[in-house]
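So for the sequence shown, our numbering puts the first residue at 99; every next one is plus one.
Here's the structure we're looking at; comments come further down.
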Amino acid sequence: MLSEKGQESAPFELLIAIIVMTFVIVVGFNALETLNRETCEGKINKNLEDIKTAIESVVKNKSKTNVSYELPNCYSENESGLIIVERNDTVYCSNVCGGSLAQCTVLQFSSDDPSYTETKCLRISSATTFPDEYVTCPTDLLEPAEGYTAVDWKAIGDNLGFRTSIIPGQYTLIRQSNLFSQAPIICVYRRE
């Protein structure tokens with residue numbers, strides 16, 4: 099009689115064990131997915147911080163710097179974009195940059211898959227230009243000049259579509275001196 103009671107409870111205990119194990123597996127997979135997403139967002143955040151620092155350094159110090167923009171494999175180039183945007187919105191600029199700014203320039207990454215947006219305030223003059231003209235940005239500034247193409251980062255940001263965003267690659271940023279203008283001119287060269 100005692101063994102019959104044990105045999106009756108065995109299937110119930112097995113069912114409870116299966117339910118608990120299923121719950122543990124589901125929670126584990128969700129934790130791994132969250133960890134992967136957080137790691138990917140951390141890589142993007144670090145990359146944006148590196149680009150932000152490089153731009154601000156070149157504008158302030160009239161120097162030359164190299165920076166890399168790499169898209170982690172969890173984001174697709176077709177569904178993600180990095181742009182430089184100028185905003186004339188006091189509420190937006192105050193929220194992103196702090197203080198009471200009426201105008202600001204931001205570095206913005208957006209992705210539809212997975213849905214994620216990261217914005218960094220660029221502490222640069224809104225008059226800063228990123229020309230792609232070889233007259234303004236000659237390639238003889240680089241050693242060696244072959245393999246570099248001048249690109250206009252700010253014009254790319256005029257359109258919020260992902261297809262016209264800053265593409266991943268190796269870049270060299272150089273501040274050009276212009277006797278006729280106090281506005282910073284940043285020449286951006288993409289390594290081919």
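The beta carbon of each residue, even a glycine, is placed where N, CA and C say it ideally should be.
What did DSSP end up calling residue i once you bin it into helix, strand or coil?
| i | result |
| --- | --- |
| Ala248 | strand |
| Glu184 | strand |
| Ser208 | strand |
| Gln274 | strand |
| Ile235 | Here the sequence assigns Cys to residue 235, which means Ile is not the residue at that position. DSSP places Cys235 in coil when its eight states are reduced to three. |
| Ser223 | coil |
| Ser178 | strand |
| Ser107 | helix |
| Gly267 | strand |
At the level of alpha carbons, what is the spacing between residue i and residue j?
| i | j | result |
| --- | --- | --- |
| Asp211 | Ser174 | 7 Å |
| Tyr287 | Ala281 | 19 Å |
| Cys195 | Asp187 | 11 Å |
| Pro109 | Glu216 | 51 Å |
| Pro266 | Ser166 | 8 Å |
| Ala129 | Thr137 | 12 Å |
| Leu112 | Glu131 | 29 Å |
| Glu290 | Arg135 | 30 Å |
| Gly126 | Thr120 | 10 Å |
| Glu147 | Thr270 | 16 Å |
| Gly197 | Asn171 | 36 Å |
| Cys191 | Trp251 | 20 Å |
| Glu168 | Phe207 | 12 Å |
| Ala200 | Ile153 | 21 Å |
| Thr163 | Ile272 | 7 Å |
Relative to the alpha-carbon of residue i, which residue among the options has its alpha-carbon at the smallest distance?
| i | options | result |
| --- | --- | --- |
| Ser155 | Arg289, Ser263, Ile222 | Ile222 |
| Ala225 | Glu184, Cys219, Ala200 | Glu184 |
| Gly245 | Gln268, Ile264, Phe228 | Gln268 |
| Leu205 | Lys162, Asn164, Asn176, Lys144 | Lys144 |
Applying the 10 Å Cβ sphere with the 16-neighbour rule, what's the burial state of residue i?
| i | result |
| --- | --- |
| Thr203 | buried |
| Ser275 | exposed |
| Leu319 | Absent from the model: residue 319. The displayed extent of the chain is 99 to 290, so no value can be given. |
| Ser178 | buried |
| Ser209 | buried |
| Ala248 | buried |
So within the stretch 113-174, which uninterrupted alpha helix (DSSP H) runs reach at least 4 residues, ignoring any that extend past its ends? As far as the stretch 113-174 is concerned, it has no whole alpha helix (DSSP H) run of at least 4 residues.
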